[in-house]
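Everything on this sheet refers to the single structure shown next.
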Ligand code: EPZ
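Residue numbers (this note's numbering): 4 to 420.
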């Protein structure tokens, strides 16, 4: 079993570059299904979720080459299959992203309910409704969503709640449909914007990008392209918390501060000195961590994926903080692990009350999902003494070379295999 060994209590300092965004890279890889021409991608993160998506595309007949230097080549001219194996799809939620593109390109997709992080129920009913709205026959049998359509036709689709996944799948299915599709209450996350810009660069006609109403005028064909993925805002936030929680000064470069407005405001409310440039963010050493209130919400609200991470910081604030989770019903599962390190936290329904303690102390802990992993890494970096973090299969899904990046900033962290 692999684990991370961290000797905490050392301030981090220095500069690092953040990798490309996992949650933009995965749907963009899936969207490559929509063209039979060559797709070249840059700034693809070297993480296990990307390797799984590459395996899924290969299982459908695509050619995928990834050198691990952020560059990937995809060619989907010979798609032979609309039925990716359960062994891959069951490993991550984003594998369901291939459903919309397969339906649009081949007229059929059979994809099992996805697996991945256990954050509570992860239904796909809104994805299925969107496909039905576009004219597909969709049934759910033996654990698989089976969608078929001779032809997709543009339609107005009103989502009953904001969903990143359903917005992505509806958008990817609609780009080759006949006529105009309007998505109402669409997700506005930067990763959705990146996917839409990618599709437009392939020849799609999407407007309203970044707003809650996205309009897609179907086109007959999409072409190949070369495209660079946006920086990872969640990893950027994770590194900034790692700097703040160790009372260090660190700069994250090649990132976009505009993506992180609500997170930056929350860090400032927590007494942190944040300096933003055009493409970097610095957190400067601060003596105090102030208690604050966090309420997660769809973009531009506070991102649910940074909720566990900032909670680690608030566990050593001078007072009581309140964190409300509005997206996933079981996102607080990591709280028990922070308690092992000495945090004083209690959860009731969607709210977590954090009574700040002076210090955390090293202990063995386990990550149960990607962002819980980010939270535990930050907490262990600040905790006095040695910590062991297991559950690396989750951490490696979303954090590129995490131990080397943090070691570059002076952390005493080692991966033991
Ligand atoms: C995406 O998940 C991200 N994953 C998540 O990041 C992120 O936490 C989440 O969006 C919210 O920002 C990827 O991009 C790969 P949703 P997704 O559809 O698409 C409910 C990470 O660590 N819902 O916006 O699955 C759902 O249960 C991951 O990188 C339905 O009810 O999220 C949830 O409560 C974790 N029916 C809410 O909507 C549906 O058909 C939002 O989910 C779909 C969703």
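Just so you know, even glycine gets a beta-carbon here, dropped at the ideal spot from N, CA and C.
query: Got a sec, what are the start and stop residues for the beta strand (DSSP E) residue 175 sits in?
result: Per DSSP, residue 175 lies in no beta strand (DSSP E) segment; the continuous alpha helix (DSSP H) that holds it begins and ends at 167–177.
field: Three CB pairs or more closer than 8 Å across the segment 124–132 and the segment 340–355
entry: Contact fails: fewer than three Cβ-Cβ distances are below 8 Å.
query: Around the Cβ of residue 117, are there at least 16 other Cβ atoms within 10 angstroms (buried) or fewer (exposed)?
result: Buried.
Among 81, 340 and 252, nearest to residue 394 - alpha-carbon criterion: When C-alpha distances from residue 394 are compared across 81, 340 and 252, the shortest belongs to 340.
message: I want to know whether the segment 238–248 touches the segment 282–299 - three or more CB-CB distances under 8 Å.
response: Remark: three or more beta-carbon pairs, one from each stretch, lie closer than 8 Å, so the segment 238–248 and the segment 282–299 are flagged as touching.
query: How is the alpha helix (DSSP H) around residue 196 delimited, first residue to last?
result: Per DSSP, residue 196 belongs to the alpha helix (DSSP H) from 193–204.
- prompt: In the segment 221–268, which residue ranges form an unbroken alpha helix (DSSP H) of at least 4 residues, counting only runs that do not cross its ends?
  reply: For secondary structure counted as the alpha helix (DSSP H) over 4 or more consecutive residues, the segment 221–268 holds these complete runs in sequence order: 236–248.
task: Determine the direct distance from the alpha carbon of residue 80 to that of residue 38, and round the result to whole angstroms.
output: Using only the alpha carbons, I get a separation of about 7 Å.
query: residue 322: buried (16+ other C-beta within 10 angstroms of its C-beta) or exposed?
result: Exposed, since its Cβ has fewer than 16 Cβ neighbours within 10 Å.
query: Can you tell me whether residue 210 is buried or exposed, with buried defined as 16 or more other CB within 10 angstroms of its CB?
result: So residue 210 counts as exposed.
query: Quick one: what's got a C-beta closer than 6 Å to residue 368's C-beta in the same chain, skipping five residues either side?
result: Counting only residues of its own chain and dropping the five nearest sequence neighbours on each side, residue 368 has a CB closer than 6 Å to the CB of 340, 343, 379 and 392.
- prompt: Taking the DSSP output, what are the residues bridged to residue 337?
  reply: According to DSSP, residue 337 bridges with nothing at all.
- prompt: Straight-line CA distance for residue 406 to residue 268?
  reply: Roughly 28 Å separates the two Cα atoms.
- prompt: Exposed or buried, what is residue 290 when buried is set at 16 or more other beta-carbons lying within 10 Å of its beta-carbon?
  reply: Within 10 angstroms of the beta-carbon of residue 290 lie fewer than 16 other beta-carbons, which makes it exposed.
- prompt: Run through DSSP, which three-state label would residue 312 get?
  reply: Helix at residue 312.
- prompt: Between residue 54 and residue 103, what straight-line distance do the alpha-carbon atoms span, to the nearest angstrom?
  reply: C-alpha separation (whole angstroms): 20 Å.
message: Classify residue 240: buried if its beta carbon has 16 or more other beta carbons within 10 angstroms, exposed otherwise.
response: Classification of residue 240: buried, given that the 10 Å Cβ count is 16 or more.
Same chain, Cβ closer than 7 Å to residue 412, neighbours up to 5 away in sequence not counted: Taken in chain order, the residues that qualify are 15, 16, 17, 19 and 253.
- prompt: CB of residue 169 to nearest heavy atom of the ligand EPZ: below 8 Å?
  reply: Within 8 Å of the C-beta of residue 169 there is at least one heavy atom belonging to the ligand EPZ.
task: Identify every residue that forms a DSSP beta bridge with residue 218.
output: Beta-bridge pairing by DSSP links residue 218 to 185 and 210.
- prompt: Thinking just about the alpha-carbon of each residue, which of 177, 375 and 326 is nearest to the one in residue 238?
  reply: Nearest of 177, 375 and 326 to residue 238, Cα basis: 375.
task: Quick one: residues in its chain with C-beta nearer than 8 Å to the C-beta of residue 108, no 5 flanking neighbours on either side, listed in chain order?
output: Sequence-distant partners of residue 108 (beyond 5 residues in either direction) whose C-beta falls short of 8 Å from its own C-beta, in its chain, are 36, 37, 79, 82 and 179.
task: Have a look at residue 426 and residue 155 and give me their C-alpha separation to the nearest angstrom.
output: It is not possible to answer for residue 426, since the shown part of the chain is limited to 4 through 420.
Residue from 183, 151, 189 and 152 whose Cα sits closest to the Cα of residue 169: Answer by Cα proximity: 189.
field: residue 400 - containing beta strand (DSSP E), residue span
entry: Taken as a continuous stretch (DSSP letters only), residue 400 belongs to no beta strand (DSSP E), being part of the alpha helix (DSSP H) at 395–401.
- request: Taking the CB atoms as reference points, tell me whether residue 22 and residue 403 lie closer together than 9 Å.
  value: Taking 9 Å as the Cβ cut-off, residue 22 and residue 403 qualify as a contacting pair.
query: I think residue 60 touches residue 77, with their Cβ atoms under 8 Å apart; what is that distance to the nearest whole Å?
result: About 6 Å separates the beta carbon of residue 60 from that of residue 77, a gap short enough to meet the 8 Å contact definition.
query: From the DSSP output, which residues share a beta bridge with residue 364?
result: Answer is 387, bridged to residue 364.
query: Count the other CB atoms within 10 Å of the CB of residue 145; is the residue buried (16 or more) or exposed (fewer)?
result: Classification of residue 145: exposed, given that the 10 Å Cβ count is below 16.
task: Express the C-alpha separation of residue 128 and residue 49 in angstroms, rounding to a whole number.
output: Taking the straight line joining both Cα atoms gives about 31 Å.
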